[in-house]
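Each remark here refers to the structure printed beneath this line.
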Amino acid sequence: MNPLKRRYKHRSSFIHKYHHVYIFITILVVSGFVMGCIGSRFIEASDIESLSSLLTTVGEDVEAYRFFINQFFLGIVLIVIVFLFGTSLAGIPIISFIVFTKGVQIGFSCALFICTYQFKGLLGIFLTLVPQVFFDVLALYLISASAIQCSMYICYSTTNREKLDLRKLMNNLLNDIFICFLLVLAGSYLKATLGIEFIKLFNLI
């Protein structure tokens, strides 16, 4: 094979080489989840009750459309922030911290449900928490993996003094960002419709 073609093929496939980044992200999420569960034990009982009530409180005057816009805007901002960190050499530790804190948040919320409602808390997790975070986690998972790989690709090209294949890089990033936008859109719609109704249903049980 022509050395130039071999070199180009090596660079263009570099983005897909680090498939183990998904395992790394999974470890971060699981570690954060465990840390959140453990951390909930150090919260006072009165504080746990007040915090858990926030998870199941829906205002009587809540407007589904405004809630949808708010959730969609927050989701898009997070996606853009993670993406921007992926374009820097120092992006990996920052993105890792964001993913870890998401795991902490989920673990802490699950622990609050169990501590406050015991067996009923399991139902609360599936009725109220899962619809709230499912699409958010998928979107964060995908954009974090893409951003970390982007940062690693930049580091690789810099240290090896090779020209960045910007076209290949941007095509992969834009595809992932588009999918993340769709996930955020679906998640925001679910929160503003079924999510609110599930919370109301849980409060009636």
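Residue numbers (the numbering used here): 30 to 234.
Note that CB positions come from ideal geometry on N, CA and C, so glycine has one too.
Among the options, which has the Cα closest to the Cα of residue i?
{"i": "V162", "options": "V59, G153, L118, K220", "result": "K220"}
{"i": "V128", "options": "Y51, K229, I234", "result": "Y51"}
{"i": "A215", "options": "T55, G104, L198", "result": "G104"}
{"i": "P160", "options": "L202, L212, F148", "result": "L212"}
Just to confirm my understanding: we take residue i, look at its own chain, exclude 5 residues before and 5 after, and list those with CB closer than 6 Å. What are they?
{"i": "F96", "result": "A221"}
{"i": "L156", "result": "F227, F231"}
{"i": "Q100", "result": "S217, K220"}
{"i": "L158", "result": "S138"}
{"i": "K38", "result": "Confidence at K38 is low in this model, with a pLDDT of 45, below 50, so the placement of that residue should be treated as unreliable; the coordinate-derived value is given next. Around K38: no qualifying Cβ."}
{"i": "F164", "result": "L212, A215, G216"}
By how many angstroms is the C-alpha of residue j removed from the C-alpha of residue i?
{"i": "R70", "j": "A168", "result": "29 Å"}
{"i": "K131", "j": "R196", "result": "31 Å"}
{"i": "G65", "j": "Q147", "result": "17 Å"}
{"i": "S186", "j": "I225", "result": "47 Å"}
{"i": "H49", "j": "V59", "result": "15 Å"}
{"i": "K229", "j": "I54", "result": "33 Å"}
{"i": "R36", "j": "Y94", "result": "Residue confidence for R36 is low, a pLDDT of 43 falling below 50, so the modelled location carries little weight; the figure read from the coordinates is stated next. About 51 Å."}
{"i": "T188", "j": "E92", "result": "52 Å"}
Please list, in chain order, all residues of the same chain as residue i whose beta carbon is under 7 Å from its beta carbon, the five residues on each side excluded.
{"i": "F114", "result": "G120, I123, I124, A176"}
{"i": "C184", "result": "L118"}
Within 10 angstroms of the Cβ of residue i, are there 16 or more other Cβ atoms? Answer buried if so, exposed if not.
{"i": "G68", "result": "exposed"}
{"i": "F126", "result": "exposed"}
{"i": "F62", "result": "buried"}
{"i": "L233", "result": "exposed"}
{"i": "L223", "result": "exposed"}
{"i": "F240", "result": "Missing from the structure shown is residue 240; the chain here goes from 30 to 234 and no further."}
{"i": "L235", "result": "Given a span of 30 to 234 for the chain in the structure shown, any question on residue 235 remains unanswerable."}
{"i": "L203", "result": "exposed"}
{"i": "I98", "result": "exposed"}
Looking only at its chain, what residues have a beta carbon closer than 8 Å to the beta carbon of residue i, apart from the 5 residues adjacent to it on each side?
{"i": "L57", "result": "S125, V128, F129, G132"}
{"i": "V166", "result": "V58, K131, I135"}
Item checked: Stretch pair the region 205–219 + the region 137–144: three plus CB contacts closer than 8 Å -> no
Notebook entry, point to check: Okay, do the region 96–113 and the region 172–186 touch, 3+ Cβ pairs below 8 Å being the bar?
Noted result: Using a C-beta cut-off of 8 Å, the region 96–113 makes contact with the region 172–186, since at least three inter-stretch Cβ pairs fall below that distance.
Check: Any contact of the region 121–137 with the region 146–156, i.e. 3+ C-beta pairs under 8 Å?
Finding: no
Checklist line | Segment contact, 8 Å Cβ cut-off, at least three pairs: the region 113–125 with the region 178–185 | finding: yes
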